[in-house]
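Shown next, in C-alpha cells, is the structure this report addresses.
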Amino acid sequence: MVGQVVQGFRLTFAGVQKTRGLLILFVSGAGATAFYLFLLPSPAVGGISPLALHYLTPALTALAILFGFGLSATLALNFSAIRRSKAAGAAGLGGLLTSVLPASLCCTSVVPSLLALAGASSSTIIGSSGKIQSIFALHENAFLGASLAAVLAAVILAARNAAASCAVTGQVT
Amino acid sequence: MKTLYRFWLISALCIVGTAFGIAKGQELAIGNRAPAFVYRELNGKVVRPGDLRGHPYMLWLVASWCSSCEAGSSVVASHIDMLKQHGVNVVELRLANDLGAQGPGLQAFQRAIGLKARSTNWYWGEASVQQTLALDPHGYPDIYYLVGANGGIVAIAGNPAASWNRIEAFAVAPR
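So the sequences go chain by chain: U and Y.
My numbering applies: residue 1 is where the first sequence begins, and numbers increase by one.
My numbering applies: residue 174 is where the second sequence begins, and numbers increase by one.
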C-alpha cells in the first residue's frame, strides 16, 4: 500500500504533469490553510472572524497546515487520475465537515435558532440546546482528530487511485 | 400534488410563525429597563437591584462549557481594572443548568483567570430558570446586556472576546 501511495505522489508531483499538480497543491493549499487558520480558533470568539487569530496556538497552526495541504493534495491527486476516486472525495468532504462542526455549532446562535425553527418553546430550548452544543465544545479535540484521520484517509485513497490509473493507462514518469 | 404543496406551505408557515412567536415573546430590547432581579452569587451572597443601581454594568449570561465564554472571561479579566476605574460592574451568571448540559462551572473560569476574578466590581453567580428565561429566551450560550446607570439597556451582544470594542466604548462613554 505504501508503494502505491508513493507512486501516486510521484506521478502527480514529479511526473509529466507535475506543473499542474504542484500548482493545485500550492494554490489551493495556501487558500485552504488560510481558511483553517481562521476557522480552527473561531470557537473562542463565537464565529469566523479575524479576531480568532488572537487565539491561534502552535498546535492549531500545525493542524490548519495539515488540513489545508491534505485537502489540496487530495484534489491534485484526484485530478491526475483518469477517474476520480469517489471514496477519497467523500473522505475529504467528511474531514472538511467534521472540522467545521465545532466552530459553527458550539457557542453560536445556530443550534438555538434551529430548535426555535422546529417549534421548540423557550423552556425546551434553554433546557436542551446545551446538550447539543456542549458536545462540540467539550469534545472539540475528538472532532479535530476525526477530521485529521479523514483527511489522511482521503490523501491515501486519492494517491492509490492515481497510482492505479497509471497502471491502467501505462503512463510512465 | 396540490395537497402535498399545501401541506408543505402550511408546515412552513407554522414553523416560521412559531419562530417569530418565540422571537417576539417577552424579549428584552435596547431601551428597555433591565429586570430588577436578585442574583445569587457563587459565594452564597446575593446581588440586589440596589447594589447595581446608579452604576453602569455588564450583565453577562454564559454556559460554563462554552469556549467563547471562557475566552471572553479572560478578555474581561484583562480589562477589569479599567472597568473599575470607570465605575462599571460586571455581573457574570451561569445560565440555569448550563442550558441542559452540565459544564465545569464558573469556578473553572475563575481558576483560569486567577486573582483578577476577585475584583470587587465583578460578581459571579447563577441565574435561576426564571431569570434565564427572561434574559436569554433564545437559549444563546453567550449573551450580555450593557446596562446604563439609569437601568436602561444600552446594548445587547455576545462574545466579549469578539466585541470588546463595544464594551470599552460603553465603559468610557461620558455620563
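Here a beta-carbon is modelled for each residue, glycine too, at the ideal position from N, C-alpha and C.
Note that the structure is a prediction, hence the values are computed from the model and not measured.
| Check | Outcome |
| --- | --- |
| Assuming contact is defined by CB atoms lying nearer than 8 Å, are U:S147 and Y:H311 in contact in what I supplied? | no |
| Just to confirm the assignment, what range does the beta strand (DSSP E) spanning Y:D315 have? | D315 to V320 |
| Excluding five sequence neighbours on each side, which residues of the same chain lie with their C-beta closer than 7 Å to the C-beta of Y:R339? | A328 and A330 |
| Please return the same chain residues whose Cβ sits closer than 8 Å to the Cβ of Y:A196, not counting the five positions on each side in sequence. | The predicted model places Y:A196 with a pLDDT of 43, which falls under 50 and marks its position as unreliable; any figure quoted below should be read in that light. Excluding positions up to five away in sequence, the list reads H311. |
| Compile a chain-ordered list of the residues in the region 271–297 of chain Y whose CB is closer than 7 Å to at least one CB of chain U. | D271, L272, G273, A274 and G276 |
| Using C-beta distances below 7 Å, list every residue in its chain close to U:S104, excluding the 5 sequence neighbours before and after it, in chain order. | V110 |
| Compare the C-beta of Y:G227 with all C-beta atoms of chain U and state if any pair is closer than 8 Å. | no |
| Strictly under 8 Å for the Cβ-Cβ distance: is Y:S313 near chain U by that measure? | One point to set straight first is that residue 313 of chain Y is Tyr, not Ser, in the sequence displayed. Yes, Y:Y313 lies at the interface with chain U (some Cβ there is under 8 Å from its Cβ). |
| Applying the criterion that 16 or more other CB atoms from any shown protein chain within 10 Å of the CB defines a buried residue, is U:Q82 buried or exposed? | Looking at the sequence itself, residue 82 of chain U is Ile, so the reference to Gln does not match. Its Cβ having fewer than 16 others within 10 Å, U:I82 is exposed. |
| Can you tell which of Y:V219, Y:G273 and Y:T305 has the C-alpha that lies nearest to the C-alpha of U:S129? | Y:G273 |
| Buried or exposed: where does U:S99 fall if 16 or more other Cβ atoms within 10 Å of its Cβ makes it buried? | buried |
| Taking the continuous beta strand (DSSP E) assigned at Y:I326, which residues delimit it? | I326 to A330 |
| Count the other C-beta atoms from every protein chain shown that fall within 10 angstroms of the C-beta of Y:H203, then say buried if there are 16 or more, exposed otherwise. | The sequence as given places Ile at residue 203 of chain Y; His does not occur at that position. Flag for Y:I203 reads exposed. |
| Alpha carbon to alpha carbon, what distance is there between U:I126 and Y:L268? | 8 Å |
| Please confirm if U:Q4 has its CB atom under 8 Å from at least one CB of chain Y. | no |
| Using the beta-carbon count (16 or more within 10 Å), is Y:D358 buried or exposed? | A query on residue 358 of chain Y cannot be resolved here, the shown segment of chain Y reaching from 174 to 348 and no further. |
| Check whether the region 10–28 of chain U touches the region 70–80 of chain U, taking contact to mean three or more Cβ pairs, one atom from each stretch, closer than 8 Å. | yes |
| By the DSSP assignment, the beta strand (DSSP E) with Y:E265 in it spans what residues? | N262 to R267 |
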